[in-house]
Amino acid sequence: MHTQKRFTMIIMAVLLISILAACSQSGTSGGSTSPAAGTDAAPAAQESATITYKAANGDVEVPRHPQRVVVLADSYYGYLYSLGIKPIATTNKPFDSIYLKDTTEGVTNLGETPEVEKVLDLNPDLIIVWDGDANLDKFAKVAPTVAIKYGQYTYKEQLQEFGKMTGTEDKAKEVAAAWESKINEVKPQVQAAVGDKTVSIIQPYAKGVYVMGDSFGRGGEIIYQELGLKGTEMTQKEAIDNGPGYVSISLENVPDFAGDYIFTAPWGGDADKEGTSLYNSSLWKQLPAVKANHVFNIDPIAYYFNDPISMNAQLDFIVKSLTGK
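With mature numbering (1 follows the signal peptide of the UniProt record, and there is no 0) as the guide, the letters of the sequence shown map in order to residues -24 to -1, 1 to 301.
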């Protein structure tokens, strides 16, 4: 009897040990495959608040997503705005452009030559200047300051650079794609209307006449690069293939550079002072483009810019002028 009880107890003990061992294995194997959320999981890597941007003034530590940008290199105001970044301050020209002035509400006008103290008072987190700015070092003490050398990048490359600089790469690609789509739509219409005829951009100034090429704003990128139109032989040689994107000529040489279609404006915007010598001359009045009424007046300030906002508006005007549509 006692032996039977002892045997029964031994059997029960063995069964109990087996059950406990099975539970232990189940808990171990189940827990090892995937720890519960929030327990011993490595924290996600935090995004750095700054990036290093290679600028004309060297490597600059800039905010990854700047919020208070001051644009002193005024050509680039529209680039930032097109990327969804509204500068808090800039210089005169964007306020005077018929294509940009509607974007400047609430933006501080720092005038033609901004003072360091006024910029300091704005508490910027990023400042954009020309590489030759005399106050570059002083601005760099106020906030991260990126210097840009005009012409270092094409206008398309510059847009992507601003995307890198401000954490808006996707937006920059979106803006570029929309531009390409628009060009592809209107280019065949323009080329069909113009054919093999030539186009010039001419701007008289106090001491002569500027003829613009394809890389210095004033609609040149649109006319020659995007629409694939031709300049005169001399325009191609002197203003497009050589020089900084334009050439200065004397009044008597205008016929060699004047195309079948001419876009024109006084360089500084003062037609009375800068345009009279050319526009009132018999030489001008005898040009084929003038006789055919193929001269189109552009706004000298609005065509100073080659940012996405300005170029979209310029493109509309150029297409309408050349096609009549």
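Every residue, glycine too, gets a C-beta built ideally from N, C-alpha and C.
At the level of alpha carbons, what is the spacing between residue i and residue j?
{"i": "Q167", "j": "E137", "result": "31 angstroms"}
{"i": "Y53", "j": "L98", "result": "17 angstroms"}
{"i": "L205", "j": "A110", "result": "39 angstroms"}
{"i": "W106", "j": "K147", "result": "24 angstroms"}
{"i": "N218", "j": "E161", "result": "30 angstroms"}
{"i": "G87", "j": "T66", "result": "8 angstroms"}
{"i": "Y200", "j": "G207", "result": "8 angstroms"}
{"i": "A289", "j": "K114", "result": "36 angstroms"}
{"i": "N33", "j": "I294", "result": "36 angstroms"}
{"i": "P39", "j": "V92", "result": "20 angstroms"}
{"i": "R31", "j": "K261", "result": "Looking at the sequence shown, residue 31 is not Arg but Ala. The alpha-carbon atoms of A31 and K261 are separated by roughly 47 angstroms."}
{"i": "P242", "j": "K163", "result": "28 angstroms"}
{"i": "N85", "j": "I64", "result": "9 angstroms"}
{"i": "V36", "j": "Y29", "result": "5 angstroms"}
{"i": "N229", "j": "T211", "result": "11 angstroms"}
{"i": "A265", "j": "T252", "result": "18 angstroms"}
{"i": "T130", "j": "T89", "result": "26 angstroms"}
{"i": "I159", "j": "D283", "result": "15 angstroms"}
{"i": "G171", "j": "L203", "result": "11 angstroms"}
{"i": "I178", "j": "E209", "result": "15 angstroms"}
{"i": "G244", "j": "M188", "result": "14 angstroms"}
{"i": "D78", "j": "A49", "result": "19 angstroms"}
{"i": "G195", "j": "S51", "result": "14 angstroms"}
{"i": "residue 331", "j": "T80", "result": "There is simply no residue 331 to check, as the chain begins at -24 and stops at 301 in what is shown."}
{"i": "M287", "j": "G193", "result": "9 angstroms"}
{"i": "L263", "j": "I285", "result": "33 angstroms"}
{"i": "K149", "j": "K213", "result": "33 angstroms"}
{"i": "I104", "j": "P276", "result": "23 angstroms"}
{"i": "T62", "j": "G139", "result": "Before going further, note that residue 62 is Lys rather than Thr in the sequence given. About 14 angstroms."}
I need the boundaries of the beta strand (DSSP E) containing residue i, first residue and last residue.
{"i": "T28", "result": "26 to 31"}
{"i": "I178", "result": "175 to 181"}
{"i": "D172", "result": "Per DSSP, D172 belongs to no beta strand (DSSP E) and is neither H nor E."}
{"i": "D35", "result": "34 to 39"}
{"i": "G184", "result": "184 to 188"}
Assuming residue i contacts residue j under a Cβ cut-off of 8 angstroms, what Cβ separation, rounded to an integer in Å, is found between them?
{"i": "V95", "j": "V118", "result": "6 angstroms"}
{"i": "H270", "j": "D236", "result": "6 angstroms"}
{"i": "Y222", "j": "Y186", "result": "5 angstroms"}
{"i": "F272", "j": "F239", "result": "5 angstroms"}
{"i": "I124", "j": "G184", "result": "Contact doesn't hold; Cβ gap of about 28 angstroms is too wide."}
With the cut-off set at 8 angstroms, would you say residue i and residue j are in Cβ contact?
{"i": "L291", "j": "I216", "result": "no"}
{"i": "G127", "j": "S191", "result": "yes"}
{"i": "S73", "j": "A278", "result": "yes"}
{"i": "P100", "j": "V45", "result": "yes"}
{"i": "Q134", "j": "Y55", "result": "yes"}
{"i": "S176", "j": "A234", "result": "yes"}
{"i": "S257", "j": "L227", "result": "yes"}
{"i": "T142", "j": "P70", "result": "no"}
{"i": "K132", "j": "A153", "result": "no"}
{"i": "residue 326", "j": "G60", "result": "No information on residue 326 is available, as it lies outside the stretch -24 to 301 that the chain covers here."}
{"i": "A169", "j": "T299", "result": "yes"}
How would you write the range of the alpha helix (DSSP H) that residue i sits in, first residue to last?
{"i": "I285", "result": "284 to 299"}
{"i": "T121", "result": "That residue, T121, is in no alpha helix (DSSP H); its beta strand (DSSP E) goes 121 to 124."}
{"i": "G54", "result": "53 to 58"}
**Message:** For a minimum of 4 consecutive residues, which ranges assigned as the alpha helix (DSSP H) are wholly contained in the stretch 65 to 101?
**Reply:** 68 to 72, 92 to 97
**Prompt:** Unbroken beta strand (DSSP E) runs of length 3 or more, entirely within the stretch 220 to 279: which are they?
**Reply:** 222 to 225, 237 to 240, 271 to 273
**Asked** What runs of the alpha helix (DSSP H), each 4 residues or longer, lie entirely inside the stretch 102 to 157?
**Response** 112 to 118, 131 to 142
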